[in-house]
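Asks: Heads up: the sequence shown at position 252 corresponds to 261 in the numbering used here, and the numbers run straight through without jumps.
The C-beta atom is built at its ideal place from N, Cα and C for all residues, glycine as well.
Pasting a structure below so you can have a look.
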Amino acid sequence: MESEPDTKNVPAGAAALAKGLTLLNLVADADQPQRFAELLKASGLSKPTFARILRTLTAFGLVRNDEAQGTYTLGPRFLELSHKVWDSFDLISVASAELDRLSAELGETVALCKLDNDGVVYVAESSGVGLCVHVRVGDRKPLYCTAAGKAFLAFQDPSFTRAYLDAATLEQHTATTLTAQKALEGDLALTKARGYAVSYEEFLPGVNGVSSVVSAPDGTPLGALTILAPASRLSEENIHPAGRDLIAAARRITGAAGAVALSSRPQPRAKNSKTKPMEIECVLPWGAQLGEAPVWHEGHKRLYWVDILRPAVYRLNPETGVNEACVLEKLVSAVLPTLGDALIVTTQDGVEILDFDTGDLLPFCDPEAGLHENRLNDAKIGPGGSIWVGSMRMDAAKPTGGLYRVDQSGNWLRRESGLTVSNGLAWSPDGGTFYFVDTVPGLIYAYDCVPGAGELSNRRVFAKVDADDGRPDGLVVDAAGGLWCALWDGWKLRRFTPDGKVDFDVDMPVPRPTSLCFGGADNKTLFVTSARTRLPAATLAEAPLSGGIFAFDAGVSGAPTYSFKLEA
């Protein structure tokens, strides 16, 4: 017997249409692309009726069938329809209230810009009182050296941005103007990853800017909100909280949920019966925007880690507190040890070899060359010495991420696809189980694997983290087989027993712990990285150590770790 949709408001004779729309809603509401069997089960329809409706929706472009993956998503016709809606959208009228509110709140100039061929034009503005940066409606500015222009370049279709960069002459306006195409590309990648663009005196001396695009639900930029202020007031310290405010304002303008899938607001701080007290110390109050990928280098007796959004690889001596920096000009998401002095890093250009002392990078391989909307994310060295690295879409808006295994020669194989934010990776002490996180749906997967081999099998959900507890991020396994997970926006770490049950939580003094690793003299110290990106001002006041490195005695040693051997 077929289950019928709620017919209370369905006109007589429209039952078939209602079934089609119900199926369409199932496709639209799914967190990831759905297979035929999954949709059939969820629909409650008979298989012949279901198949007939699905074929019809596909024929009209409302549903797209990815034959290679055997999955279904919303089709291209929705993009065409959404453009018709947003073509008549009066952006200036709707945005004016937000301009006035932000300007009054910040005491600075807030403007609305639109794309104008190879420039941006101011179409509305609201100025604060007193000494402010004033703009004139109708003024046109370059794309590459203004915050609004870089926001447009980051979130436009990649073909537009590539054509612009190939044709543009990057003139020097100030000492900080980015005139090298590679440096500008790196800045645009950072812009897309964090959701807003910044300009530090790149167009006018003494003037900083921050900007976020106002997007239609399909992600098409309709305009850009920008804050312009004297560099002394809109400093590096407060420009990032201003970027978060712009993202929130842009979402209010269109009523869209926004492209960034990870939340901008953490869960309330709370304790539960599973909380286990630990003596946690902030060993490095650094204020990283997005601290990530800590790894203990046993040979160097140092903790390496990265800041994704203020790109650098760091080398921390926990005994002295000295934190050396290797600043990079492009997004870097993970650092891995080798058996020599070199390091492996994952960047927006793929997997690369880094000389920490000189900052020199040598390309090694790029599993996602040509996928300009994606970037690599977390990575680990697995049993047998291969690199395992996940990927994600820059704005985390679609499940386009994958999981790759890279051998010592730079050859790679894809082991998973259809991921939203691929994240933590870890192996059981015997190497027979592989754990892997997809952050947005809150899932930690487990796979069977042969230690040292590249095959994965028997994927199952090891644990699901409820949204109220945060989002799963980095992973590490201890010698007893317990799996530790950092919970983004959850103010805590969580330890799972080997069978997937919650063992206990560890409260953190910051809302966004990101990843963790064992290290130190006895391999019992758990080091934890954290983030402060897009945190509200009230949360930063409550958790001023956000972006720091923390450590505590876990009471158990870490499972074996591995290093990568580069071919001579």
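Which residue or residues does DSSP assign as beta-bridge partners of residue 306?
Replies: Looking at the DSSP assignment, residue 306 forms a beta bridge with 311.
Asks: Drop a sphere of 10 angstroms on the beta-carbon of residue 459, count the other beta-carbons inside from all chains shown, and report buried for 16 or more, exposed for fewer.
Replies: With fewer than 16 Cβ atoms within 10 Å of its Cβ, residue 459 is classed as exposed.
Asks: For the pair the segment 520 to 533 and the segment 444 to 463, tell me if three or more CB-CB distances fall below 8 Å.
Replies: No, the segment 520 to 533 is not in contact with the segment 444 to 463.
Asks: What residues in its chain sit with their C-beta under 7 Å from that of residue 201, if we drop five residues either side in the sequence?
Replies: Contacts found: 163, 164, 403 and 404.
Asks: Given that a residue counts as buried once 16 or more other Cβ atoms are within 10 Å of its Cβ, and exposed if not, what is residue 371?
Replies: Its Cβ having fewer than 16 others within 10 Å, residue 371 is exposed.
Asks: Please classify residue 140: is it buried, with 16 or more other beta-carbons within 10 angstroms of its beta-carbon, or exposed?
Replies: Burial call: exposed.
Asks: Alpha carbon to alpha carbon, how far is residue 270 from residue 448?
Replies: Note that residue 270 has pLDDT 47, beneath the 50 cutoff, so the model's placement of it is unreliable and no number is given.
Asks: Fully enclosed by the segment 502 to 559, which alpha helix (DSSP H) runs are 4 residues long or longer?
Replies: Runs found: 546 to 551.
Asks: Counting only runs that start and end within the segment 173 to 247, where is the alpha helix (DSSP H) found for 4 or more residues in a row?
Replies: Here the runs fully enclosed are 190 to 203.
Asks: Tell me whether the beta-carbon of residue 274 lies closer than 8 Å to the beta-carbon of residue 545.
Replies: In contact: residue 274 and residue 545 (Cβ atoms closer than 8 Å).
Asks: For residue 549 versus residue 522, is the C-beta spacing smaller than 8 Å?
Replies: In this structure, residue 522 does not lie closer than 8 Å to residue 549 by Cβ.
Asks: Can you give the Cα-Cα distance for residue 116 and residue 258, rounded to whole angstroms?
Replies: Each residue's alpha carbon lies about 16 Å from the other.
Asks: Is the separation between the beta-carbon of residue 346 and that of residue 538 shorter than 8 Å?
Replies: Going by C-beta atoms, residue 346 is not nearer than 8 Å to residue 538.
Asks: Using 10 angstroms around the beta-carbon of residue 324, count the other beta-carbons present and answer buried if the total reaches 16, otherwise exposed.
Replies: It counts as buried.
Asks: So what's residue 439 in DSSP terms, helix, strand or just coil?
Replies: If DSSP states are grouped into helix, strand and coil, residue 439 belongs with coil.
Asks: Go through the segment 399 to 476 residue by residue and report every complete run of the beta strand (DSSP E) that reaches 3 residues or more, in order.
Replies: You should have 410 to 415, 421 to 428, 431 to 436, 442 to 447, 452 to 458 and 465 to 473.
Asks: In this structure, how does DSSP classify residue 164 when only helix, strand and coil are distinguished?
Replies: If DSSP states are grouped into helix, strand and coil, residue 164 belongs with the helices.
Asks: Beta-carbon separation of residue 185 and residue 209 under 8 Å?
Replies: Cβ distance < 8 Å, so residue 185 and residue 209 count as in contact.
Asks: Identify, in the order they occur along the chain, each residue of the same chain with its Cβ nearer than 8 Å to the Cβ of residue 255, setting aside the five sequence neighbours on each side.
Replies: Excluding sequence neighbours, residue 255 sits near 111, 205, 219, 220, 221, 234, 235 and 236.
Asks: Is the separation between the beta-carbon of residue 511 and that of residue 283 shorter than 8 Å?
Replies: Yes, these two residues count as a Cβ contact at 8 Å.
Asks: So for residue 38, helix, strand or coil by DSSP?
Replies: Residue 38: helix per DSSP, three-state reduction.
Asks: Check whether the Cβ atoms of residue 583 and residue 571 lie closer than 8 Å to each other.
Replies: Nothing in the structure corresponds to residue 583, since the chain is present only between 10 and 577.
Asks: Give me the DSSP bridge partner(s) of residue 359.
Replies: The partner list for residue 359 (beta bridge, DSSP) reads 356.
Asks: For residue 478, which three-state DSSP category applies?
Replies: Note: residue 478 maps to helix in three-state DSSP.
Asks: Helix, strand or coil for residue 319 per DSSP?
Replies: It is coil, neither helix nor strand.
Asks: Which runs of the beta strand (DSSP E), 3 residues or longer, sit entirely within the segment 90 to 139?
Replies: You should have 118 to 125 and 128 to 135.
Asks: Is it buried or exposed, residue 343, if we count other Cβ atoms within 10 angstroms and call 16 or more buried?
Replies: It counts as buried.
Asks: Report the rounded CA-to-CA distance for residue 289 versus residue 559, giving the unit in angstroms.
Replies: Straight-line Cα distance between these residues: approximately 7 Å.
Asks: Does residue 10 come out as helix, strand or coil in the three-state DSSP assignment?
Replies: Residue placement at residue 10 is poorly supported in this model, since its pLDDT is 39, which falls under 50; the coordinates are not used for a value here.
Asks: For the candidate residues 276, 144 and 363, whose alpha-carbon lies nearest to that of residue 216?
Replies: Ranking 276, 144 and 363 by Cα distance to residue 216 puts 144 first.
Asks: Between residue 566 and residue 487, is the Cβ-Cβ spacing less than 8 Å?
Replies: Yes, the pair counts as a contact, with Cβ atoms nearer than the cut-off.
Asks: Here's a check: name, in chain order, each residue in its chain whose Cβ is nearer than 7 Å to the Cβ of residue 409, leaving out the five neighbours to either side.
Replies: Cβ neighbours of residue 409 beyond the five flanking positions: 382, 383 and 402.
Asks: Check each candidate in 450, 419, 388 and 424 and name the one with the smallest Cα separation from residue 435.
Replies: When each option's Cα is compared against that of residue 435, the closest is 388.
Asks: So is residue 569 buried or exposed if we call it buried at 16+ other beta carbons inside 10 Å?
Replies: So residue 569 ends up on the exposed side.
Asks: Would you mind stating whether residue 351 and residue 340 have Cβ atoms separated by less than 8 Å?
Replies: No, these two residues do not count as a Cβ contact at 8 Å.
Asks: Once DSSP output is grouped into helix, strand and coil, what is the label at residue 29?
Replies: Three-state result, residue 29: helix.
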